[in-house]
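With the working numbering, letter number 79 in the sequence shown gets 94, and the count goes up by one each step, no holes. C-beta: ideal position from N, C-alpha, C; glycine also. Have a look at the structure below, then the notes.
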Amino acid sequence: MTQPSFLDLIGSGPDGWGPALAAGALMTILIALAGYAIGMVFGALGAWAKIAGGPISRSVAGTYTTVLRGIPDLLVIYLFYFGGSTAISAVGHLFGASGFISFPGFLAGALAVGVTSGAQQTEVFRGAYKAVHSGELEAAIACGMSPFLRFSRIIAPLTLRYALPGMGNVWQIVLKESALVSITGVVELLRQSQIGAGSTGRPFDFYFIAAMIYLAISTLSGALLQFGEKRFTRGVRRG
């Protein structure tokens, strides 16, 4: 039997895995976006706690960033998936269910990626806020701006301007971390490549295709982030 060519593998014909790989790539993007958005929430809260919080909140935020940056991401995903499954199973047993009830793999992966990336984004946002010149904040107070107006017109835009490069780096990390979510049963790009490699006996071809897709996603998202960075730094002298 004739082996399908490389182009046949990435096509949509009888021997093609193109649609399946495209679906896996879409799942990868969705996991990364969900985890990144969750991480932004945790990062903003963590940065606020470290900047303006009291001793207890600063201690909690410091512990959060230290622990989550020190634990392997794969272990965090395991903890969310199996811990969530154990909790759901326990609740289910109270209502008469039996057996093991698994936690949704996508949700477990997105939460795990979000919590780990949030620890990194906490430091990104904190450093960006510290880069805002104190004179600009003092001028806003002198003009009589309310705290909300000060935040929406001064603090948030300037902090975002300084945070964008770091946020771009975190996004690239999150994109790679999304491959670890396959252990929860989610069929994302890497998992789909493993399925294709096992079904056809051509692992190099499928992993090479996956690498090229990851590179394409990374390059495109990097270009978008660079565009956003240039837009937010218009009129700012570059060193």
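| query | Three-state secondary structure (DSSP) at GLU192? | reply | GLU192: helix per DSSP, three-state reduction.
| field | Reference GLU244; option with closest CA among GLY26, SER233, PHE166, GLY183 | value | Closest option to GLU244, Cα to Cα, is GLY183.
| request: List the endpoints of the continuous alpha helix (DSSP H) containing MET160. | output: Counting along the chain, MET160 falls outside any alpha helix (DSSP H), and DSSP gives it neither H nor E.
| query | In chain order, what residues of the same chain have a beta carbon less than 7 Å from the beta carbon of GLY33, not counting five sequence neighbours either side? | reply | Once the five neighbours on either side are set aside, the close Cβ partners of GLY33 are ILE25, GLY26, SER27.
| request: Put LEU235 into one of helix, strand or coil per three-state DSSP. | output: DSSP places LEU235 in helix when its eight states are reduced to three.
| the segment 155-164 contacting the segment 56-76, beta-carbon criterion three pairs below 8 Å | Using a C-beta cut-off of 8 Å, the segment 155-164 makes no contact with the segment 56-76, since fewer than three inter-stretch Cβ pairs fall below that distance.
| Does the beta-carbon of ARG141 have 16 or more other beta-carbons within 10 angstroms, so that it is buried, or is it exposed? | Classification of ARG141: buried, given that the 10 Å Cβ count is 16 or more.
| request: Mind reading off the beta-carbon distance from ALA125 to ILE53? Whole number of angstroms is fine, and I expect it under 8 Å. | output: Going by Cβ atoms, the distance from ALA125 to ILE53 rounds to 6 Å, so yes, they are a contact pair.
| query | According to DSSP, is VAL202 helix, strand or coil? | reply | When DSSP states are grouped into helix, strand and coil, VAL202 belongs to the coil group.
| For ASP30, which residues of its own chain have a beta-carbon under 8 Å away from its beta-carbon, when the five flanking residues on both sides are left out? | Counting only Cβ-Cβ distances below 8 Å, and skipping sequence neighbours, we find PRO19, ASP23, LEU24.
| task | Have a look at GLY111 and PRO119 and give me their C-alpha separation to the nearest angstrom. | result | Cα-Cα distance, rounded: 20 Å.
| message | I need the straight-line Cα distance from GLN187 to PHE115, nearest angstrom please. | response | GLN187 and PHE115 have their alpha carbons spaced roughly 35 Å apart.
| So what's ILE116 in DSSP terms, helix, strand or just coil? | Here ILE116 sits in coil by DSSP.
| In whole angstroms, what separates the C-alpha of PHE97 from that of ARG165? | Cα to Cα, the separation comes out at about 44 Å.
| said: Can you look up PRO110 in the DSSP assignment and give me helix, strand or coil? | reply: Reading off the sequence, residue 110 comes out as Phe, not Pro. PHE110: coil per DSSP, three-state reduction.
| query | How about SER208 and GLY39: are their beta carbons less than 9 Å apart? | reply | Yes; because the gap between Cβ atoms is below 9 Å, this pair is in contact.
| Sorted by chain position, which residues of the same chain lie with C-beta nearer than 7 Å to THR17's C-beta, five sequence neighbours on each side aside? | In the same chain as THR17, and ignoring 5 residues on each side of it, no C-beta atom comes closer than 7 Å to its own.
| message | Looking only at its chain, what residues have a beta carbon closer than 6 Å to the beta carbon of GLY254, apart from the 5 residues adjacent to it on each side? | response | Confidence is the limiting factor: at GLY254 the pLDDT is only 49, short of 50, which leaves the residue's position unreliable and the question unanswerable from this model.
| query | What is the DSSP secondary structure of ASP23, reduced to helix, strand or coil? | reply | Secondary structure of ASP23 (DSSP, three-state): helix.
| In whole angstroms, what is the alpha-carbon distance linking THR215 and LEU235? | Rounded to whole angstroms, the gap between the alpha carbons of THR215 and LEU235 is 30 Å.
| Taking C-alpha atoms, which residue in GLY61, LEU240, LEU36 lies nearest to GLN136? | The shortest Cα separation from GLN136 among GLY61, LEU240, LEU36 belongs to GLY61.
| query | GLY69 by DSSP, collapsed to three states: which one? | reply | Secondary structure at GLY69: coil, using DSSP grouped into helix, strand and coil.
| request: Measuring alpha carbon to alpha carbon, tell me which of LEU190, GLN241, LEU239, ALA238 ends up nearest ALA225. | output: Cα-wise, what sits closest to ALA225 is LEU190.
| field | Cα-Cα separation, ALA35 to ALA194 | value | Taking C-alpha positions only, ALA35 is separated from ALA194 by approximately 16 Å.
| field | Own chain residues within Cβ distance below 8 Å of LEU89, not counting five before or after | value | Counting only Cβ-Cβ distances below 8 Å, and skipping sequence neighbours, we find LEU195, ILE198.
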